[in-house]
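Beneath this line is the structure, given in structure tokens, with notes to follow.
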Amino acid sequence: MGSNSISKMAARHLRILSGCNGALLSVRFFSDSTLAQEPIASTAIDSASVSPSINTAENHSQLNNNKKHSAPSSLKHAELAKFSAIADTWWDSEGPYKPLHALNPTRLAFIRSTLCRHFRKDPYSARPFEGLNIVDVGCGGGILSEPLARMGATVTGIDAVEKNIKIARLHADLDPETSTIEYCCTTAEKLVEEQRKFDAVIASEVIEHVADPAEFCKSLSALTVSEGATVISTINRSMRAYATAIIAAEHILHWLPKGTHQWSSFLTPEELVLILQRASIDVKEMAGFVYNPLTGRWSLSDDISVNFIAFGTKNS
Amino acid sequence: MNRIIVGRLSVNVSGLRVLQRSFCSSVAEKASSSNSGQPSSESEVKQSFTNNDDQYDVAVVGGGMVGMALACSLASMPLTKHLSVAIIDSNPALGKSNFIKKEDPPDPRVSTVTPATISFFKEIGAWQYVQQHRHAYFDKMQVWDYTGLGYTKYNARDVNKEILGCVVENKVLHSSLLSCMQNTEFRKTIYPSRLTSMALLPSSSSISVDSTPSATTLFTKGHLAKLDLSDGKSLYAKLVVGADGGKSRVRELAGFKTTGWSYSQNAIICTVEHNKENYCAWQRFLPAGPIALLPIGDNFSNIVWTMNPKDASDCKSMNEDDFVKILNHALDYGYGPHPKSISSGSVDMFSWFRGDATLSAKECFEVPPRVVKLASERMVFPLSLKHANNYVSKRVVLIGDAAHTVHPLAGQGVNLGFGDASTLSRIIAEGIAVGADIGEVSLLKKYEAERKPANIVMMAVLDGFQKAYSVDFGPLNILRAAAFHGAQYISPLKRNIISYASGEQRLPLPLPLFT
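Chains as they are written, first to last, in the numbering used here: chain A, 1 to 316; chain B, 1 to 515.
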């Protein structure tokens with residue numbers, strides 16, 4: 001499986017060299033679906049605070065070119081459509097996103113401890129991230145962004161699905177502490193083009209849905225300031241993960257809709273470390289999430305065989 | 001989707017422009033207009049939120065011992081001491097710092113605090129204030145019944161501790177918690193009135209994208225609970241804590257159902273005086289209910305005597321000397337003989353059970369000290385068992401007697417409440433550490449999952465005791481006697497009992513799965 005995905009990556013690299021816009025290729029399938037819903041102009045001029053250096057007509061034609069060359073992405077389309085369909089249930093903690101809500105405190109505990117240590121913040125403070133700019137890539141309905149904002153960070157949440165951003169904005173505006181979050185329907189690559197930089201870049205449960213993980217990591221790295229932090233959480237491509245995250249979670253327990261994850265898109269920790277290294281990010285810490293079926297709670301552990309989270313710092 | 005528009009808000013008209021800016025997708029045609037007015041309007045909107053004086057993080061309804069313990073606990077932890085707390089209680093004593101004079105006779109309303117509660121008080125910094133007033137540690141306890149067939153003596157040294165508990169007047173506990181809180185920079189506001197109604201403004205768990213909310217509804221306090229007070233004021237809070245006792249209004253307003261029954265017993269309490277000091281707690285089970293004698297200090301003791309309602313009102317109205325006589329009768333030879341102590345020479349069949357024998361196993365039966373005179377008025381309370389089926393719902397949580405009331409026979413009631421307060425404040429701190437909304441049900445359910453089983457088990461044990469001791473039936477009496485003997489001589493059992501009653505152990509049996 002490993003060699004297969006690397007050869008796929010190689011094939012895409014070749015296509016990149018043959019004249020397409022490499023940065024946009026990696027998020028090709030995201031922008032395909034958004035093109036279907038919105039006029040391209042609106043998605044380009046989304047973050048109003050950024051320098052308007054994007055030429056929309058140019059992007060439009062290049063994206064159209066990419067469509068013709070692209071590998072079949074019908075599965076990705078269907079996946080995005082699935083996310084769109086259940087977008088209204090993001091904040092229903094008993095709904096389809098229940099596992100993510102249950103996992104949230106655990107991944108936040110890891111993020112809090114690694115970021116506090118890295119940025120030398122007081123771990124006993126109620127708002128340790130005061131003064132930090134954090135971007136939540138693939139923020140969905142804002143489940144991760146809102147707690148980060150409550151911890152004092154200046155949060156920007158981005159997602160490729162328009163509906164998710166709308167939900168996130170509505171929910172965040174209910175609480176003054178989270179109404180300061182900036183939500184944009186855009187992609188990491190577009191933010192890179194806008195030359196945005198953040199102290200910490202977090203992409204949690206996203207990279208397994210991306211077409212080109214290596215390019216994605218390069219974009220995440222470009223968004224991080226030097227000596228900044230990058231946190232990625234995903235699912236391991238192991239037999240145990242197949243049994244747990246796909247068979248048990250999707251088919252038996254129905255925690256996730258069928259087809260949410262593709263086992264072949266999972267990354268092993270070694271692969272993730274490697275592609276992050278190539279993107280000038282040193283992985284410093286890694287932990288696993290373990291679910292206890294008796295108590296119904298997730299906890300951090302050293303077991304990275306199913307869900308794992310990695311914290312890395314950008315080399316200067 | 002309906003949103004309630006709360007009228008008393010100051011909404012900035014320029015806030016509308018900020019709202020439109022934040023919807024990235026619809027900004028295309030407004031891009032030019034939004035670029036102009038942004039920075040100032042955003043800061044204005046932020047200001048309108050911080051000017052609200054009636055908005056709190058936590059509203060504690062009920063400023064009694066358990067409610068104040070929660071507030072103190074929040075004040076003492078670094079993660080929670082920045083929270084703003086409103087305490088709603090019409091008791092005027094809360095407003096001023098009350099000085100308890102040393103010469104005051106002991107109040108009959110006392111509580112026995114377990115070692116676990118004492119460590120909780122030490123953690124929050126309130127125990128130093130308790131020590132400045134009258135309080136009595138006791139390290140011995142004797143339990144027996146009227147049949148005279150058996151007795152059990154407990155000693156703190158059986159579990160290598162110095163004390164079994166401490167008896168403190170409720171007013172001392174309460175004022176210690178008040179003093180503790182006043183000496184911190186905790187942002188608390190006391191509302192001297194009663195809660196009349198409570199409303200949860202509709203939340204967003206079912207937001208649908210297609211609705212187009214108006215600007216005002218988005219700036220409403222859609223994420224808060226609104227509390228209306230009897231003096232006309234209103235306040236908003238992220239979390240409402242019901243600490244308002246057995247007849248909790250919060251529990252009623254939030255619609256929590258309860259299970260329970262009233263015992264056909266009343267408890268009569270009073271303070272009495274002896275000629276000598278007493279460091280032991282005594283409890284004798286009589287046919288109508290147990291009588292307990294607890295040392296308060298300075299030769300005073302507290303009496304809690306459970307009996308049927310008619311006798312209780314007779315006891316209350318009879319003159320003092322007669323009452324003292326029947327008290328001594330009940331503690332001594334009334335209703336039945338003294339149990340026989342095992343003398344050291346005789347063969348006892350439990351010798352092979354004993355193993356590591358406890359100190360108190362060898363102790364003889366003692367008669368409690370004589371009551372010389374009555375030192376306070378007599379008060380009567382009805383007894384019942386009540387348990388709320390749920391402790392939490394969105395933005396509401398119950399602690400203390402609002403969640404559970406128990407029989408006083410083991411002095412556990414308020415200790416369960418302090419356990420609730422301690423657990424809830426810890427859960428709130430854990431929630432804040434990961435940036436959670438403290439009113440979220442998923443966070444509050446963690447508190448319920450921890451406290452409910454422990455409370456239910458304790459209630460079941462106490463209820464079991466109450467029922468077992470209220471029946472005078474030959475074989476049952478023998479069983480009870482066997483239980484007394486077992487607890488007296490089987491050391492591991494005794495240690496288990498002491499450790500459970502002291503609050504050191506959460507459940508009566510060591511169940512590794514659930515602790």
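Idealized CB from N, CA, C, for every residue including glycine.
Within its chain, find whatever has a CB closer than 6 Å to the CB of Glu363 (chain B); leave out the 5 residues flanking it on each side and keep chain order.
Result list for Glu363 (chain B): Lys153, in chain order.
If we cut at 7 Å on Cβ distances, does Ser442 (chain B) have a partner in chain A?
Chain A, which has a Cβ nearer than 7 Å to the Cβ of Ser442 (chain B), makes this yes.
Can you name the residues of chain A whose CB is closer than 7 Å to the CB of Ala436 (chain B)?
Near Ala436 (chain B) (Cβ distances below 7 Å), the residues of chain A are Pro105, Pro147.
Under 7 Å between beta-carbons, which chain B residues line up against Ala109 (chain A)? List them in chain order, please.
Simply Val434.
Considering only their Cβ atoms, is the gap separating Lys314 (chain A) from Ser226 (chain A) smaller than 7 Å?
Result yes, Cβ atoms of Ser226 (chain A) and Lys314 (chain A) sit closer than 7 Å.
Among the candidates B:Ser317, B:Cys166, B:Asp145, B:Glu366, whose CA atom is the shortest distance from the CA of Arg378 (chain B)?
Answer by Cα proximity: B:Ser317.
Is there a C-beta anywhere in chain B that falls below 7 Å from the one on Leu144 (chain A)?
Closer than 7 Å: no.
Is Ser43 (chain B) helix, strand or coil by DSSP?
Legend: pLDDT at Ser43 (chain B) = 39, less than 50; position of this residue unreliable, no value from coordinates given.
So what's Leu507 (chain B) in DSSP terms, helix, strand or just coil?
DSSP places Leu507 (chain B) in coil when its eight states are reduced to three.
Could you check how far apart the C-beta atoms of Asp472 (chain B) and Pro339 (chain B) are, in whole angstroms? I think they sit under 8 Å.
Going by Cβ atoms, the distance from Asp472 (chain B) to Pro339 (chain B) rounds to 16 Å, so no, they are not a contact pair.
Please determine whether the Cβ atom of Met198 (chain B) lies at a distance below 6 Å from any heavy atom of the ligand ADP.
For the structure depicted, the ligand ADP is absent and the ligand set is empty, with no information on it obtainable.
Given this structure, state the Cα-to-Cα distance separating Val457 (chain B) from Ser264 (chain A), to the nearest angstrom.
Answer to the nearest angstrom: the Cα atoms are 49 Å apart.
Taking the alpha-carbon positions, what's the Gln138 (chain A) to Lys452 (chain B) distance?
Per the sequence shown, residue 138 (chain A) should be read as Gly rather than Gln. For Gly138 (chain A) and Lys452 (chain B), the distance between alpha carbons rounds to 38 Å.
Helix, strand or coil for Gly527 (chain B), going by three-state DSSP, please let me know.
The shown model of chain B, from 1 to 515, leaves out residue 527 (chain B), and the question about it has no answer.
Given a cut-off of 7 Å, decide if Ala153 (chain A) and Leu79 (chain B) are closer than it, judged by their beta-carbon atoms.
No, the pair does not count as a contact, with Cβ atoms beyond the cut-off.
Taking C-alpha atoms, which residue in B:Leu462, B:Val371, B:Ile432, B:Glu440 lies nearest to His404 (chain B)?
Looking at the Cα atoms, B:Leu462 is the closest of the given residues.
With contact counted as at least three CB pairs below 8 Å, one residue from each stretch, are the stretch 404-418 of chain B and the stretch 430-437 of chain B in contact?
No contact exists between the stretch 404-418 of chain B and the stretch 430-437 of chain B.
Could you pull the start and end residues of the beta strand (DSSP E) that Pro295 (chain B) belongs to?
Unbroken beta strand (DSSP E) run through Pro295 (chain B): 289-297.
So, Asn372 (chain B) versus Ala312 (chain B), is the Cβ gap smaller than 7 Å?
The amino acid at residue 372 (chain B) is misidentified as Asn; the sequence shows Val. Not closer than 7 Å, so no.
At what residue ranges does the stretch 207-236 of chain A contain a whole run of the beta strand (DSSP E), taking only runs of 3 or more?
Correct list: 224-235.
List the DSSP bridge partners of Ala330 (chain B).
Ala330 (chain B) is not bridged to any residue.
With H, G and I counted as helix, E and B as strand and the rest as coil, what does DSSP make of Ile497 (chain B)?
The answer is helix: DSSP assigns Ile497 (chain B) an H, G or I state.
State yes or no: is the C-beta of Leu300 (chain A) within less than 7 Å of the C-beta of Phe119 (chain A)?
No, the pair does not count as a contact, with Cβ atoms beyond the cut-off.
Determine the chain A residues that contact Leu79 (chain B) at a beta-carbon separation under 9 Å, and present them in chain order.
Here the neighbours are Tyr124, Ser125, Ala126.
Less than 7 Å between the C-beta atoms of Ala279 (chain A) and Ser238 (chain A), yes or no?
No, these two residues do not count as a Cβ contact at 7 Å.
Counting C-beta neighbours from all protein chains within 10 Å, is the total for Gly19 (chain A) 16 or more, i.e. buried, or is it exposed?
Per-residue confidence for Gly19 (chain A) stands at a pLDDT of 40, beneath the threshold of 50, marking its modelled position as unreliable; no derived number is given.
Which full runs of the alpha helix (DSSP H) of 4+ residues lie inside the stretch 421-504 of chain B, going along the chain?
The qualifying runs are 441-468, 474-489, 491-501.
For the stretch 198-218 of chain A against the stretch 171-180 of chain A, do three or more pairs of beta-carbon atoms, one drawn from each stretch, fall closer than 8 Å, so that the two count as touching?
Too few Cβ pairs lie closer than 8 Å, so no.
When you compare each of B:Gly245, B:Trp144, B:Arg109, B:Asn266 to Leu331 (chain B) by their alpha carbons, which one comes out closest?
The residue with the shortest Cα to Cα distance from Leu331 (chain B) is B:Trp144.
Can you tell me where the beta strand (DSSP E) with Val273 (chain A) in it begins and where it stops?
Segment 269-278 is the alpha helix (DSSP H) holding Val273 (chain A); no beta strand (DSSP E) there.
Please identify, using Cβ separations under 9 Å, the residues of the stretch 402-422 of chain B that lie next to chain A, in order along the chain.
Flagged: no residues at all.
Looking at chain B, which residues of the stretch 209-242 of chain A have a Cβ within less than 9 Å of any of its Cβ atoms?
Residues passing the 9 Å Cβ filter: none.
Among B:Gln466, B:Gly150, B:Val113, B:Pro192, which residue has its Cα nearest to the Cα of Arg172 (chain B)?
The amino acid occupying residue 172 (chain B) in the given sequence is Val; Arg does not appear at that position. Answer by Cα proximity: B:Val113.
Can you tell which of B:Phe138, B:Ile291, B:Arg109, B:Asn415 has its C-alpha closest to the C-alpha of Gln505 (chain B)?
Among B:Phe138, B:Ile291, B:Arg109, B:Asn415, the Cα nearest to that of Gln505 (chain B) is on B:Asn415.
Determine the contact status of Val201 (chain A) and Thr234 (chain A), defining contact as a CB-CB distance below 7 Å.
No; because the gap between Cβ atoms is not below 7 Å, this pair is not in contact.
Any beta-carbon of chain B closer than 7 Å to the one on Met151 (chain A)?
Judged by the 7 Å Cβ criterion, Met151 (chain A) is in contact with chain B.
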